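**Student:** Mind having a look at this structure? Questions to follow.
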Amino acid sequence: MIRPGAKQYVVARPLYSDESFAEEHVKVYRQRKSMLEHVKQYFTCDSKRAKNAALSLLPVIGWLRMYRIKEWLFSDIVSGISTGLVAVLQGLAYCLLASLPAWYGLFSAFFPVVIYFFLGTSRHISVGPFPVLCLMIGSVVTRLVPDIGPPHNIPGFEGLTIDQQRVLVASSVTFLTGIMQLAMGIFQVGFVVMYLSDTLVSGFTTAAAIHILVSQLKFVLGLQVPGLSGPLSIIYTLEDIFTQITKTNICDVVISVVIMVVVFIVKEINDRYKSKLPVPIPIEVIMTVIACGVSYGFDFKTKYGIDTVGHIPKGYESPMAPNLHIFQETAVEAFPMAIVGFAVAFSVAKVYSVKHDYTIDGNQELIAFGVSNIFGASFKSFAASTALSRSAVQESTGGKTQLAGLLSAIIVMIVTLAIGFLLDPLPKSVLGAVVIVNLKGMLMQFREVPYLFRRDKPDCVVWLGTCLASILLGLDLGLAAGLGIELISVVLRAQFPRCSVLANIKGTDIYKDKKDYTDIYEPEGVKIFRIPSPIFFANIEFFRSKLVEAVGFNPLRILRKRNKALRMIRKLLKRGDLQWTSKGFLNTSSGPIREAEDESNMEELDLPTDFKDFPARIDWNAELPANIVVPQVDVHSLILDFAAVSFLDISALKGLKMALKELIRVEVEVYIVACDPYILEKLHDCCFFDDEVQPSMFFLTLHDAMLHILDKHPESTENKSGMIMTSVTVHNHGGSLRSRDRNAPEPETKF
Numbered sequence: 032m033i034r035p036g037a038k039q040y041v042v043a044r045p046l047y048s049d050e051s052f053a054e055e056h057v058k059v060y061r062q063r064k065s066m067l068e069h070v071k072q073y074f075t076c077d078s079k080r081a082k083n084a085a086l087s088l089l090p091v092i093g094w095l096r097m098y099r100i101k102e103w104l105f106s107d108i109v110s111g112i113s114t115g116l117v118a119v120l121q122g123l124a125y126c127l128l129a130s131l132p133a134w135y136g137l138f139s140a141f142f143p144v145v146i147y148f149f150l151g152t153s154r155h156i157s158v159g160p161f162p163v164l165c166l167m168i169g170s171v172v173t174r175l176v177p178d179i180g181p182p183h184n185i186p187g188f189e190g191l192t193i194d195q196q197r198v199l200v201a202s203s204v205t206f207l208t209g210i211m212q213l214a215m216g217i218f219q220v221g222f223v224v225m226y227l228s229d230t231l232v233s234g235f236t237t238a239a240a241i242h243i244l245v246s247q248l249k250f251v252l253g254l255q256v257p258g259l260s261g262p263l264s265i266i267y268t269l270e271d272i273f274t275q276i277t278k279t280n281i282c283d284v285v286i287s288v289v290i291m292v293v294v295f296i297v298k299e300i301n302d303r304y305k306s307k308l309p310v311p312i313p314i315e316v317i318m319t320v321i322a323c324g325v326s327y328g329f330d331f332k333t334k335y336g337i338d339t340v341g342h343i344p345k346g347y348e349s350p351m352a353p354n355l356h357i358f359q360e361t362a363v364e365a366f367p368m369a370i371v372g373f374a375v376a377f378s379v380a381k382v383y384s385v386k387h388d389y390t391i392d393g394n395q396e397l398i399a400f401g402v403s404n405i406f407g408a409s410f411k412s413f414a415a416s417t418a419l420s421r422s423a424v425q426e427s428t429g430g431k432t433q434l435a436g437l438l439s440a441i442i443v444m445i446v447t448l449a450i451g452f453l454l455d456p457l458p459k460s461v462l463g464a465v466v467i468v469n470l471k472g473m474l475m476q477f478r479e480v481p482y483l484f485r486r487d488k489p490d491c492v493v494w495l496g497t498c499l500a501s502i503l504l505g506l507d508l509g510l511a512a513g514l515g516i517e518l519i520s521v522v523l524r525a526q527f528p529r530c531s532v533l534a535n536i537k538g539t540d541i542y543k544d545k546k547d548y549t550d551i552y553e554p555e556g557v558k559i560f561r562i563p564s565p566i567f568f569a570n571i572e573f574f575r576s577k578l579v580e581a582v583g584f585n586p587l588r589i590l591r592k593r594n595k596a597l598r599m600i601r602k603l604l605k606r607g608d609l610q611w612t613s614k615g616f617l618n619t620s621s622g623p624i625r626e627a628e629d630e631s632n633m634e635e636l637d638l639p640t641d642f643k644d645f646p647a648r649i650d651w652n653a654e655l656p657a658n659i660v661v662p663q664v665d666v667h668s669l670i671l672d673f674a675a676v677s678f679l680d681i682s683a684l685k686g687l688k689m690a691l692k693e694l695i696r697v698e699v700e701v702y703i704v705a706c707d708p709y710i711l712e713k714l715h716d717c718c719f720f721d722d723e724v725q726p727s728m729f730f731l732t733l734h735d736a737m738l739h740i741l742d743k744h745p746e747s748t749e750n751k752s753g754m755i756m757t758s759v760t761v762h763n764h765g766g767s768l769r770s771r772d773r774n775a776p777e778p779e780t781k782f
């Protein structure tokens, strides 16, 4: 009866197995291209494809053609000037993380930006130094050219000062990073960033923020602490800092605290009133100018011994070729730099592209950053990505296109060529304070841990594992460890999925986990087993063990016991101790029958039971003669729900076939439902079917299989009327359609 106000649907159709559905409905077989045809198509070129390739390699052409001068130009100018001022300051500050002279940060804020203007697809990110990348470069620089002790024996270091050696290392590893990014872009492997989940990136950047914080303490405290790299370097750095804590420069501490407090407060005001402010207050720039003026006016360097930026040379230096020997020393570290730099930039670019409704191309972004880093490294800049705070300034001040980025690069160029000398008295503690206060966003990611612990514990393990490994082992090894933890968590989730036994929701064709509902119905002798995962070599044994747990018996053990019992019955019949009658077996022996167990031919016990010399099949659930005991099997039908199985490998095919044969040999009918057509095609191609395992066991839906079972075993629903929706339209022998309710007595209908 239809409930008042309830929405319902009624479907009248034949009951389908996969075979019967294929007979009635013609399938379109599509011609698949061979690998050679795909290669030919990829390398085929015509005028249209050449034009599209040019537009794709130079995205600047696309957005310049649609540039709205009256609407966008003023916003881009304002944004470019604001971003340029921030880029100057961050270039100087982040260069300290790379253990290089501060002015080289200006190079990194100029050359990559110019190249990205032509090749990049994002209109809003601000390209340039990124603190995490700078720190990773700094670890390589201090490893090859340490503060204390001789540098590595690398050809090309002869005659160079320690700063020149470090610049050579940084530019060479940047060049190698660019080559890797360019190669990945050319070979269309931008998908690699999909393996870096948001959880992993969050844990990694949080650990990087802690490394950055520790690395800047020496500038904030005015201490001379050597740069360290490698596992546990953060512990050794903290040890050196606390050892020298009594040598702290009070002037540096006061300057740093004042800068951090003022910048933090104004940034909070910018965030809270961003809708009312025309542009965010450039507080870092303002405080830097004030600090620079005060330091110059009161001569802090001479009076208080603070460390300043010092002389900034005018102009750009001549191009320099990378050192191939450094390539060999830094190849392992360059690859995570290439991945991290691209992953962060692409993530930020994706956020802004969604917000402003345009598309970005991951592979083209790889090419853009690859060429930017190669070109920039030739002019002694270091690896570029995007800083979140700088990109936020470019977007929030009204930037519409990368014209704002180009204008910011022009601001940096003006400082480099003309007014860089004004920054000579700037205390390094100011730069350290600016870096630390900008770590707030990354450090606040710690708040994700309680949420992840409550919602997804494996993701919480990935976050904590990545963070701790990156803190203790260093960023390069920590990223590799985090990726390993993430892949292990994925494998474990697929290897040990949450299997379930389903049951019918009364009066419907819906099947749910029997543990989750009370108003359910499970026909006698029928089990429905669901595995929500691909089945492959790593989880096939888990699948089989859970299947045995679901049906309540081990089919192989039952089969062996039955074959042993059959072997004993044959011997008793041959000796005359048993006779077959119309009523079953008759014991003709006057004494007790004792039969020693025959251990020969044990492999025959795994074969199907053979009744060829018996007048009838043995009912294994009935009482057997001669005190022979075989465990009873209460299940006559098993349905395997493959709706969530996306693929099977060869190992899984073998294991699945073996499991099905064991069940079939103990007289359990097996049905597989909702199997993906491509999996079914693979089963046919791999000769999965034989005399025992047949294609007829596959059904379109779970309910189709259940109705087939109920028709074949009507005793399963005796005295259970109304428990399952069994009203179905079927074909009778005359070819017409009729509706049948299984609760009413009817002539038998064959499915």
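Per our numbering, residue 32 is the first one in the sequence shown, and the count goes up by one each step.
The C-beta atom is built at its ideal place from N, Cα and C for all residues, glycine as well.
Nothing here was measured: the structure is a model prediction, and the numbers come from that model.
Indicate the three-state DSSP secondary structure (helix, strand or coil) for GLN610 in the structure shown.
**Tutor:** Here GLN610 carries a strand assignment [DSSP, helix/strand/coil].
**Student:** Can you give the beta carbon distance from PHE413 to CYS165, rounded, assuming they're within the 8 Å contact cut?
**Tutor:** Contact between PHE413 and CYS165 holds, since their C-beta atoms are separated by about 7 Å, short of 8 Å.
**Student:** For GLY190, count neighbouring Cβ atoms within 10 angstroms of its own Cβ and tell me buried if that reaches 16, exposed if not.
**Tutor:** exposed
**Student:** Looking at the secondary structure, which residues open and close the beta strand (DSSP E) in which LYS558 lies?
**Tutor:** Note, LYS558: beta strand (DSSP E), 557–561.
**Student:** Could you please give the first and the last residue of the uninterrupted alpha helix (DSSP H) stretch that includes LYS784?
**Tutor:** Because the chain is modelled from 32 through 782, residue 784 falls outside the range shown and cannot be assessed.
**Student:** Measuring straight from C-alpha to C-alpha, what distance separates CYS706 and LEU88?
**Tutor:** 43 Å
**Student:** From ARG648 to GLU698, what distance separates their C-alpha atoms?
**Tutor:** 11 Å
**Student:** Taking 7 Å as the line, does the beta carbon of PRO160 fall inside it for any heavy atom of the ligand ATP?
**Tutor:** Ligands are entirely absent from the displayed structure, and the ligand ATP is therefore not among its contents.
**Student:** When we look at the beta-carbon of HIS387 and count the other beta-carbons within 10 Å, is it buried (16 or more) or exposed?
**Tutor:** That one is exposed.
**Student:** For GLY115 versus LEU123, is the C-beta distance shorter than 8 Å?
**Tutor:** no
**Student:** I'd like to know if the region 199–211 and the region 340–350 are in contact, where contact means that at least 3 CB-CB pairs between them fall below 8 Å.
**Tutor:** Counting Cβ pairs under 8 Å, fewer than three are found: no touch.
**Student:** What is the rounded straight-line gap between the Cα of MET291 and the Cα of VAL468?
**Tutor:** It is roughly 6 Å from the alpha-carbon of MET291 to the alpha-carbon of VAL468.
**Student:** Relative to the alpha-carbon of LEU691, which residue among PHE678, GLU654 and PRO639 has its alpha-carbon at the smallest distance?
**Tutor:** PRO639
**Student:** Measuring CB atoms only, is the region 426–435 touching the region 238–257, in the sense that at least three cross pairs come out at less than 8 Å?
**Tutor:** no
**Student:** Looking only at its chain, what residues have a beta carbon closer than 6 Å to the beta carbon of VAL466, apart from the 5 residues adjacent to it on each side?
**Tutor:** ALA124 and GLN247.
**Student:** Could you tell me which residues DSSP puts in a beta bridge with ILE819?
**Tutor:** Given a span of 32 to 782 for the chain in the structure shown, any question on residue 819 remains unanswerable.
**Student:** Quick one: what does DSSP say THR208 is sitting in, helix, strand or coil?
**Tutor:** Three-state result, THR208: helix.
**Student:** What does VAL783 pair with, by DSSP beta-bridge criteria?
**Tutor:** This structure cannot settle anything about residue 783, because the visible part of the chain is limited to 32 through 782.
**Student:** Tell me the DSSP bridge mates of PRO458?
**Tutor:** For PRO458, which the question treats as bridged, DSSP gives the partners THR339.
**Student:** With distances taken from CA atoms, which of MET318, ASN570, GLY216 and GLN663 is nearest VAL582?
**Tutor:** GLN663
**Student:** Answer with buried or exposed for TYR147, where buried requires no fewer than 16 other C-beta atoms within 10 angstroms of its C-beta.
**Tutor:** buried
**Student:** Residues in its own chain within less than 7 Å of PHE568 by CB, not counting five upstream and five downstream?
**Tutor:** ASP680, SER682 and ALA683
**Student:** Could you have a look at ILE179 and say whether DSSP puts it in helix, strand or coil?
**Tutor:** coil
**Student:** To the nearest angstrom, report how far apart TRP494 and ILE516 are at their CA atoms.
**Tutor:** Each residue's alpha carbon lies about 9 Å from the other.
**Student:** Using alpha carbons as the reference points, say which of THR333, GLN359, HIS734 and VAL284 lies closest to VAL42.
**Tutor:** HIS734
**Student:** Note the first and the last residue of the continuous beta strand (DSSP E) segment covering GLU700.
**Tutor:** Per DSSP, GLU700 is one residue of the beta strand (DSSP E) stretching across 700–704.
**Student:** Is there contact between the region 206–218 and the region 396–412, where contact requires at least three CB pairs shorter than 8 Å?
**Tutor:** Because the criterion of three Cβ pairs below 8 Å is met, the region 206–218 and the region 396–412 touch.
**Student:** Who does LYS543 pair with in a DSSP beta bridge?
**Tutor:** Answer by DSSP bridge pairing, in chain order: ALA534.
**Student:** In its own chain, which residues sit with a C-beta less than 7 Å from the C-beta of HIS764, not counting the 5 before and 5 after it?
**Tutor:** Confidence in HIS764 is poor, its pLDDT being 38 and thus under 50, which makes the residue's placement too unreliable to answer from.
**Student:** Between which two residues does the beta strand (DSSP E) holding LEU671 run?
**Tutor:** 668–672
**Student:** Using the beta-carbon count (16 or more within 10 Å), is GLN359 buried or exposed?
**Tutor:** Flag for GLN359 reads exposed.
**Student:** Under a three-way DSSP split, which group does PHE642 fall into?
**Tutor:** coil
**Student:** Classify PRO186: buried if its beta carbon has 16 or more other beta carbons within 10 angstroms, exposed otherwise.
**Tutor:** exposed
**Student:** Give the single residue among ASP338, ARG593 and LEU636 whose Cα lies nearest to the Cα of ASN652.
**Tutor:** ARG593
**Student:** Quick check: what's the CA-CA separation for ILE266 versus PHE142?
**Tutor:** 36 Å
**Student:** Considering just the uninterrupted stretch of the alpha helix (DSSP H) at ASP283, what are its terminal residues?
**Tutor:** 281–303
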